[in-house]
Every structure is written in structure tokens, then in C-alpha cells.
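Visitor: Here it is: the structure, laid out below.
Numbering (the working numbering), first residue to last: 426 to 658.
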């Protein structure tokens, strides 16, 4: 199976191209420039492997939650490329992708949602499938849902942004907070690819026109004062 995966939900652009048993990746800190870079970098990845879109079986993307513009870019690119090449698409929850990238089976995922909030989910991997123990939501770090039991791993950029508060909330639960490296802080296209493969294999992918972002926060714009303060959604 030949698949392309992409994520632009954070300040990083992550791409993965699976060709049979081989996987080729691109990972770059882009800030707000993902919209200008994602298509050229996809083309570079395709050209470097002598592959065209028509040779693929589908496109997977990080559907969110994440930066408002970023999740719209990912879904829009998946939709446009998929529609043009007649390819099905699969949207993957970015918090699940962080859990998958962590390499652990019990994960408290917290992504920095800006505005003093986090995107939060608690996930357990059983028989190769991720189950949400606490569903995906946006909340203040101090309002993160409590848990029972130990041996949990903290993963995601929210742990770096609000480590003191989150550590206090989960002081009796944590085994380790994963370091802020590629596998521990962002949803990677490689993780999205792994999560999407069984969906494609089961014939459950959607038509490209149904590629939609996952919005958790209702606000889609900042006030003038908030923008002047440097806040971001």
C-alpha cells in the first residue's frame, strides 16, 4: 500500500510517504509558514522517490485539534490532492497521533492550545487499538481531568508549557513526562500513517471531499487587543 501522510497542526510540518515497506519522511519547524511550504515539500518528497500522486492509494492527515489555520491547511491539502488524483482520505486525531508517537501504551496527551489552555486526552492502547479514557477536549491545565492509578506517561507540548500545573494535577499518576523531542511533543506524520493504515485496509477511508478538520475550540478569531498581546489560537 502506498500512502502519503501530513500534519500542519503545530509549528512543525511533518510528512511521511509510505511506498510498500519503505517510508520516507520530512520534518521541519516552519512556524506559520506551513501553508507556503507544505505543497512544495510534498512535491520534493514525491520527486525524490520518483512517485506521482496517481501511484498512491490514499492520503492521511492530522485533522486536529491544533492551530486553527494549521488544521484547515492539512484538511484542505488532503482534500485538494485527493480530489485531483481521485484518492480517498483518512483524518486522524492529532492527540491520538501524539500517543502513538510516544511509544507508550498509557498516555496523558496535552498539547499547548495557547490562550492559557491545553488540548487534552487520556488514551490507552489495547490490542493495538487506542481507546480514549478521557475524551479529547480543551481546558485550562488546572482543570485537566483527574485519573486513578499510576504508570502513565505525559506527552505533548502542553507538558512543556504548563509542567508545574500538570505535574501537580497528576502527581500520583505519572511514571514519566516524555522529553520534548520529536516523538514526545508533536503529532508526527509517521504516527498518523501507522494509525491510518488499518483504516485504509478496512476500506473505511472517505472520499476526498469529506476531508474535514476536528475543531474543539469554538473561537476562530482573536480580538484586536488579544492580537496586540501576541496571543494565538
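Yeah, the Cβ is synthetic: ideal placement off N, Cα and C, and Gly gets one too.
1. Measure the C-alpha to C-alpha separation of residue 517 and residue 488 and round it to an integer number of angstroms.
2. Which of helix, strand or coil does DSSP assign to residue 507?
3. Pull up the distance between the alpha-carbon of residue 646 and that of residue 486, whole angstroms please.
4. What number of angstroms, rounded off, separates the C-alpha of residue 640 from the C-alpha of residue 630?
5. So, for residue 610: in the same chain, excluding its five sequence neighbours on each side, which residues have a beta-carbon less than 6 Å away from its beta-carbon?
6. Measuring CB atoms only, is the stretch 594-606 touching the stretch 443-453, in the sense that at least three cross pairs come out at less than 8 Å?
7. Give a yes or no on contact between the stretch 505-515 and the stretch 473-485, applying the rule of three or more CB pairs nearer than 8 Å.
8. Per DSSP, residue 466 forms a beta bridge with which residues?
9. In this structure, how does DSSP classify residue 610 when only helix, strand and coil are distinguished?
10. Does the pairing of the stretch 619-635 with the stretch 488-500 give three or more beta-carbon distances under 8 Å?
11. For residue 537, count the other beta carbons within 10 Å of its own beta carbon; 16 or more makes it buried, fewer makes it exposed. Which is it?
12. Beta carbon of residue 620, beta carbon of residue 521: below 8 Å?
13. Short of 6 Å in beta carbon distance, which residues of its chain neighbour residue 567, apart from the five on each side in sequence? Order them along the chain.
14. If I'm right that residue 587 touches residue 563 with Cβ under 8 Å, what's the distance once you round it to whole angstroms?
Guide: Let me lay it out:
1. 5 Å
2. helix
3. For residue 646, the predicted structure reports a pLDDT of 47, less than 50, and the residue's modelled location is therefore unreliable. A value from the coordinates is still provided. If you take the alpha carbons of residue 646 and residue 486, they lie about 23 Å apart.
4. 20 Å
5. The beta carbon of residue 610 sits closer than 6 Å to those of 582, all from its chain and outside the five residues before and after it, given in chain order.
6. no
7. yes
8. The partner list for residue 466 (beta bridge, DSSP) is empty, contrary to what the question assumes.
9. It is helical.
10. Result no; under three Cβ-Cβ pairs closer than 8 Å.
11. Residue 537 is classed as buried because its beta carbon has at least 16 other beta carbons within 10 Å across all chains shown.
12. yes
13. 590
14. Contact flag wrong, Cβ pair sits at about 13 Å.
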